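Asks: Letter by letter, the sequence shown follows residues 2 to 280 in the working numbering.
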Amino acid sequence: MRLIRDYFMTTLGVIIVAIGICFFLIPANLATGGITGLAMVINNLIPSLPIGIILLFLNVILFVVGFVAIGPQFGAKTIYASFLLTGVIYIFDTFFKLSGPPADDLLVNLIVGILIQGIGLGIVFNQNASTGGTDIIAKVLNKFMHFDIGKSLLMADFVVVILAGLTFGLNLGIYAFLGIVFNGVIIDNVIEGFSVKVSVSIISKESDKIQKYIVENIERGATIYTAKGAYTMSNKEIITSVMGKKEFIRLKSFIKEIDKDAFVMISNVREVLGEGFYS
């Protein structure tokens with residue numbers, strides 16, 4: 002079931018990425034890094050070659066180079082996402098190609114395109130997959146030249162932006178560079194949004210019922226502490242647990258039903274590692 006969910010979310014993310022690329026970035030000639038940007042540059046020089054075919058060719062080369070240079074370190078989901086993106090872009094570019102950018106303002110096309118693409122990539126990355134491309138180049142540079150992965154990615158994308166500037170003009174090259182920066186911010190925020198959980202601490206006279214509800218209904222673990230109140234000087238139980246926001250909404254509703262005087266403290270947790278959490 003988990004595997005089906007992962008591949009469904011990866012597929013959804015790839016389709017969203019392709020929408021941002023095909024309907025906003027490609028029509029505006031905004032080659033914002035990656036092998037998709039490189040494919041746009043090549044397509045401009047050789048218009049008879051569809052972008053989807055160029056992407057397929059580049060992906061095959063990169064996977065062969067990556068396999069030879071660093072071994073089979075690419076997960077099945079990354080290979081799946083890479084070639085699925087190639088196929089979806091080919092379909093969109095062949096059957097739903099726009100005659101021009103949807104908006105007259107270049108900045109609007111950049112922002113909307115990168116926003117959509119970044120959301121899609123964030124979904125893909127959250128499934129522990131990637132769309133290949135410059136990720137493979139970054140891993141090769143990391144192994145043989147000992148560059149950080151992040152710096153290697155930036156270098157690869159920067160080379161594509163320079164080529165875009167030479168091909169489409171300085172103005173579009175600058176916009177493409179801004180797109181790379183914006184894309185990174187969007188991806189980070191999407192991934193963080195998936196990872197954020199709620200840490201809750203509860204003091205209640207109905208602690209046994211609340212503890213049972215957390216374990217049996219929400220199916221999360223809980224830890225119980227004994228503490229002494231500074232005002233009453235009496236011992237009380239504190240229940241702590243970490244859960245998703247939707248799960249907390251259910252818990253909060255339950256607590257209100259059985260103990261309106263319960264003391265509940267909530268804080269956001271950026272990431273959780275361990276049993277029961279995908280991170």
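Even for Gly, the Cβ is constructed at its ideal location relative to N, Cα and C. As the structure is a prediction and not an experimental result, all values here were calculated from the model.
Tell me whether S280 is buried or exposed, calling it buried when 16 or more other Cβ atoms sit within 10 Å of its Cβ.
Replies: Because the pLDDT at S280 is just 48, under 50, the model does not fix this residue reliably, and the value given afterwards should be weighed accordingly. Classification of S280: exposed, given that the 10 Å Cβ count is below 16.
Asks: Report the residue ranges of all alpha helix (DSSP H) runs contained in full by the segment 84-163; include only those spanning at least 4 residues, in chain order.
Replies: Here the runs fully enclosed are 107-127, 135-146.
Asks: Whose C-beta lies closer than 8 Å to the C-beta of D94 among residues of the same chain, with five residues either side of it excluded?
Replies: Excluding positions up to five away in sequence, the list reads C23, I27, P51, I52, G53.
Asks: With DSSP collapsed to three states, give me the class of S254.
Replies: Here S254 sits in helix by DSSP.
Asks: Which class does A82 belong to by DSSP, given the choice of helix, strand or coil?
Replies: DSSP places A82 in helix when its eight states are reduced to three.
Asks: Any beta carbon from chain B within less than 9 Å of S202's own beta carbon?
Replies: In summary, chain B is missing from the structure at hand, where a single protein chain is found.
Asks: CB F183 to CB G119, shorter than 9 Å?
Replies: Yes, the Cβ-Cβ distance between F183 and G119 is below 9 Å.
Asks: Return the CA-CA distance between V61 and F68, expressed in angstroms with no decimal places.
Replies: If you take the alpha carbons of V61 and F68, they lie about 10 Å apart.
Asks: Assign S83 to one of two classes, buried (16 or more other C-beta atoms within 10 Å of its C-beta) or exposed (fewer than that).
Replies: It is buried - the Cβ of S83 has at least 16 other Cβ atoms within 10 Å.
Asks: Since A19 is in the alpha helix (DSSP H), which residue starts that stretch and which ends it?
Replies: 3-21 is the span of the alpha helix (DSSP H), which, as asked, contains A19.
Asks: Rounding to the nearest angstrom, what Cα-Cα distance links A29 and P102 in this structure?
Replies: Rounded to the nearest angstrom, the two C-alpha atoms are 5 Å apart.
Asks: Look at the alpha carbon of L164 and the alpha carbon of T132, and state the distance between them as a whole number of angstroms.
Replies: The alpha-carbon atoms of L164 and T132 are separated by roughly 21 Å.
Asks: If we count the other Cβ atoms within 10 Å of its Cβ and call it buried at 16 or more, is R221 buried or exposed?
Replies: So R221 counts as buried.
Asks: Run through DSSP, which three-state label would N218 get?
Replies: Looking at N218 - three-state DSSP - the assignment turns out to be helix.
Asks: DSSP on Y176, reduced to helix/strand/coil?
Replies: Of the three classes helix, strand and coil, the one that applies to Y176 here is helix, per DSSP.
Asks: Roughly how many angstroms lie between the CA atoms of V297 and L111, to the nearest whole one?
Replies: Within the shown structure, residues of the chain are numbered from 2 to 280, placing residue 297 beyond reach of any answer.
Asks: Comparing C-alpha positions only, which one of A157, Y91, V191, Y176 sits nearest to N127?
Replies: Closest by alpha carbon: V191.
Asks: Could you give the first and the last residue of the continuous alpha helix (DSSP H) run that contains M266?
Replies: Taken as a continuous stretch (DSSP letters only), M266 belongs to no alpha helix (DSSP H), being part of the beta strand (DSSP E) at 264-270.
Asks: Is DSSP giving S280 helix, strand or coil here?
Replies: Low confidence applies here, because S280 scores a pLDDT of 48, under 50, leaving its location unreliable; read the following figure in that light. Reduced to three states, the DSSP call for S280 is coil.
Asks: Within a Cβ cutoff of 7 Å, which residues of the same chain sit near F178, ignoring the five residues on either side of it in sequence?
Replies: Excluding sequence neighbours, F178 sits near V162.
Asks: I need the straight-line Cα distance from S202 to M10, nearest angstrom please.
Replies: If you take the alpha carbons of S202 and M10, they lie about 32 Å apart.
Asks: Quick check: what's the CA-CA separation for R3 versus I124?
Replies: Roughly 15 Å separates the two Cα atoms.
Asks: Near G225, which residues of its chain fall below 6 Å by C-beta distance, leaving aside the five closest residues on each side in sequence?
Replies: Checking the sequence, you will find Ile at residue 225 rather than Gly. E238, I240.
Asks: Name, in chain order, the residues that DSSP records as bridge partners for V201.
Replies: In the DSSP output, where bridge partners are listed per residue, V201 has S242, I267.
Asks: Output the distance between the C-alpha atoms of I188 and D262, rounded to the nearest integer angstrom.
Replies: One C-alpha to the other measures close to 41 Å.
Asks: Between the alpha carbons of G180 and L142, how many angstroms are there, rounded?
Replies: Taking the straight line joining both Cα atoms gives about 23 Å.
Asks: List the endpoints of the continuous alpha helix (DSSP H) containing T37.
Replies: It spans 35-46 - the alpha helix (DSSP H) in which T37 sits, taken as one unbroken run.
Asks: Let's see if you can read the secondary structure: which residues bound the beta strand (DSSP E) around T227?
Replies: Counting along the chain, the beta strand (DSSP E) containing T227 begins and ends at 224-229.
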